[in-house]
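So the sequence shown is numbered by numbering that gives the first Met the number 0: it starts at 0 and just counts up by one.
Yeah, the Cβ is synthetic: ideal placement off N, Cα and C, and Gly gets one too.
Note that the structure is predicted; figures quoted are calculated from it, not measured.
Following: one structure in C-alpha cells, then a few remarks.
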Amino acid sequence: MSSLLCTGGAGFIGSNFVRMVLAETDDSVTVLDALTYASNTASLDGLDPHRFQLVPGSVCDHDLVDELVARHDIVVHFAAESHNDNSLADPSPFVKTNLVGTYELLEAVRRHGKRYHHISTDEVYGDLELDDPARFTESTPYNPSSPYSSTKAGSDLLVRAWVRSFGVQGTISNCSNNYGPYQHVEKFIPRQITNVLTGVRPRLYGAGANVRDWIHVADHNAAVLRILEDGAIGETYLIGADGEVSNRTVVELILDLMGQPADAYDHVTDRAGHDLRYAIDSTKLRTELGWRPSYRDFEAGLAATIDWYRTHENWWRPVKEATEAKYAAAGETTTSPAASR
Ligand code: NAD
Ligand code: TDX
0 MSSLLCTGGA
10 GFIGSNFVRM
20 VLAETDDSVT
30 VLDALTYASN
40 TASLDGLDPH
50 RFQLVPGSVC
60 DHDLVDELVA
70 RHDIVVHFAA
80 ESHNDNSLAD
90 PSPFVKTNLV
100 GTYELLEAVR
110 RHGKRYHHIS
120 TDEVYGDLEL
130 DDPARFTEST
140 PYNPSSPYSS
150 TKAGSDLLVR
160 AWVRSFGVQG
170 TISNCSNNYG
180 PYQHVEKFIP
190 RQITNVLTGV
200 RPRLYGAGAN
210 VRDWIHVADH
220 NAAVLRILED
230 GAIGETYLIG
240 ADGEVSNRTV
250 VELILDLMGQ
260 PADAYDHVTD
270 RAGHDLRYAI
280 DSTKLRTELG
290 WRPSYRDFEA
300 GLAATIDWYR
310 THENWWRPVK
320 EATEAKYAAA
330 GETTTSPAAS
340 R
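Structure below.
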C-alpha cells in the first residue's frame, strides 16, 4: 500500500488515473492541482475521502511541493499546460508550469528520496511525413515544434539529468493522443462531439490530412501503473495503441456515429506549425512490461466517448461557450465548407 502524490489530477488524464488507482489498488492518492481553466473538480466527485484528498495549489509553489512530496511515497507528475493552440497564443504559463514546475518537483524528490514518474508526450519527437513507414521509438531524437511540445521536451530532459546527476529514482513515459471521458472541450474530439450536440458544425484545421495516433485514456493509465510496478529506474517508455487515424476520418466518424451527414463540417484556419503525423512504436513497453491496450477498436471507443458526452452535459456545458469564444478571439475563421471542396 503506497501513498501517491498525483499532480494535475483534476485534469483529463490525471482524474481518470486517480479513479483507476482507487478502484484497482489499495493505494491512497493526494491530488495537487492549481485548478486552472483546464481542471474540473467534478471529475473527482464521489471519491472515498479516506483514501483521496485534493490540495489546491501549484507545482511551482516550492514550500507546498516540498511539504507534500515529503509525506508521500511516489510522485506521478501529470500537471501541465497541455493545449498546443493556447501555447501559440501565450507561451508564458507553459514555460512556468511545464519547466519550472517540473524543476520544483525534481528538487523535492531529490531532497526526500522519493520515486518519481514523469508523464510526457510523443510530441517531443516532432512529426513524421504521412508516407513515412517510421514510427517514434525511445531512441528517436527530440525535435519539438510548438511552445507546448518544447516545454514538455525540456521537462523530460530535466528528468533525465536529475536521474543521471543526482540519482533521482525517475521514469518517463511519452504517450500519443488520448481520448475518453473527462477531456476538456478545447481538445479535438470533445470539441467536435459537443459542437454537434450544440448544433454547430465540426471544425477541421486545414485540409484535415494530419494524423494522430489515438489511445484510450484507460490504456494510457494502465501502462503508467505497469511502469510504477516494474519499470526500470532511468528508463523511458513510449505508450501507444497502434491507433493512427487522420483528423478528417475522425470528424467523419463522429458525424456518422451521431447520425449526421459525413460532410457536415467546416474547414477552418490551420494551426501554425501544425505537426503532420505522430506514430508510436510501443514494442519496449509491450515486451519488457507485458502491457497491451484493451481498447483496440477506435470506432467502438469513440462511440462510448460520444455517449459519455451526451450523458454528462452538466460536466462540459458550463465551459463550452467560453472555449469557443477563445477560439474566435484567436482568429479562427471558416476557410471553406467541406461540401464545396
Ligand atoms: P489537462 O489540461 O486536461 O489537465 C492538466 C491539469 O494540470 C489541470 O487540472 C490543471 O489545473 C493542472 N495544472 C496546470 N498548471 C498547474 C500547476 N502549475 N500546478 C498544478 N496543477 C496545474 O491535461 P491532460 O490532457 O490531462 O494531460 C496531462 C498530462 O499528460 C500532461 O503532462 C500532458 O502533457 C500529458 N499528455 C497528454 C496527452 C493527451 O492526449 N491529452 C497525451 C500525452 C501526454
Ligand atoms: O478544432 C480542432 N480542429 C482540428 O482539426 C482542434 C481543437 C484540433 N484539430 C486538430 C489539430 C490536431 O492535428 O486535431 C488534432 C488534435 O488536436 P488536439 O486535440 O489539440 O491535440 P494535439 O495538438 O495533437 O495534442 C494532444 O496530444 C498530445 C494533447 O493536447 C497534448 O497534450 C498531447 O501532448
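What are the boundary residues of the alpha helix (DSSP H) that includes residue i?
i	result
Gly13	Phe11 to Glu23
Asp229	Val216 to Asp229
Leu196	Phe187 to Leu196
Pro48	Unbroken run through Pro48: none, as it is neither H nor E.
His61	His61 to Ala69
Thr322	Glu312 to Ala328
Just mark residue i as buried or exposed, buried being the case when its beta carbon has 16 or more other beta carbons within 10 Å.
i	result
Arg340	Residue confidence is low: Arg340 scores 43 on pLDDT, short of 50, so the model does not pin down where it sits. No coordinate-derived value is stated.
Ser293	exposed
Leu252	buried
Ser164	exposed
Ala338	Bear in mind that the predicted position of Ala338 carries a pLDDT of just 47, short of 50, making it too unreliable to give a figure here.
Ala133	exposed
Leu129	exposed
Asn142	exposed
His49	exposed
Thr193	buried
Return the first residue and the last residue of the beta strand (DSSP E) that residue i is part of.
i	result
Ala28	The question names Ala, yet the displayed sequence has Val at residue 28. Segment Ser27 to Asp32, the beta strand (DSSP E) holding Val28.
Leu203	Arg202 to Tyr204
Asp212	Val210 to Asp212
Cβ atoms of residue j and residue i: under 9 Å apart, would you say?
i	j	result
Glu103	Val58	yes
Tyr236	Gly230	yes
Leu301	Ile188	yes
Val341	Trp315	Residue 341 lies beyond the range of the chain shown here (0 to 340); nothing can be said about it.
Ala9	Val28	no
Ser175	Gly233	no
Thr197	Ser154	no
His311	Pro180	yes
Indicate, with yes or no, if the ligand MG has a heavy atom lying under 8 Å from the CB of residue i.
i	result
Lys325	Inclusion of the ligand MG in the displayed structure is not the case, the ligand content consisting of the ligand NAD and the ligand TDX alone.
Can at least three beta-carbon pairs, one atom from the segment 2 to 18 and one from the segment 198 to 218, be found at a separation below 8 Å? Verdict: yes, contact present.
Spell out a yes or no on whether the segment 279 to 289 and the segment 146 to 160 are touching, meaning 3 or more CB-CB pairs, one atom from each, closer than 8 Å. Fewer than three beta-carbon pairs drawn from the segment 279 to 289 and the segment 146 to 160 are found closer than 8 Å, and the two stretches are therefore not classed as touching.
At which residue ranges does the segment 95 to 147 contain complete alpha helix (DSSP H) runs of 4 or more residues, listed in the order of the chain? Taken in chain order, the complete alpha helix (DSSP H) segments of 4 residues or longer contained in the segment 95 to 147 are 101 to 111.
Three or more beta-carbon pairs under 8 Å between the segment 63 to 70 and the segment 107 to 125, yes or no? Result yes; three or more Cβ-Cβ pairs closer than 8 Å.
Is the segment 245 to 261 close to the segment 283 to 292, with three or more CB pairs under 8 Å? The answer is no - the segment 283 to 292 does not touch the segment 245 to 261, with fewer than three Cβ pairs under 8 Å.
Complete alpha helix (DSSP H) runs within the segment 235 to 302 (minimum length 4 residues, chain order): Segments of the alpha helix (DSSP H) lying fully in the segment 235 to 302: 246 to 256 and 282 to 288.
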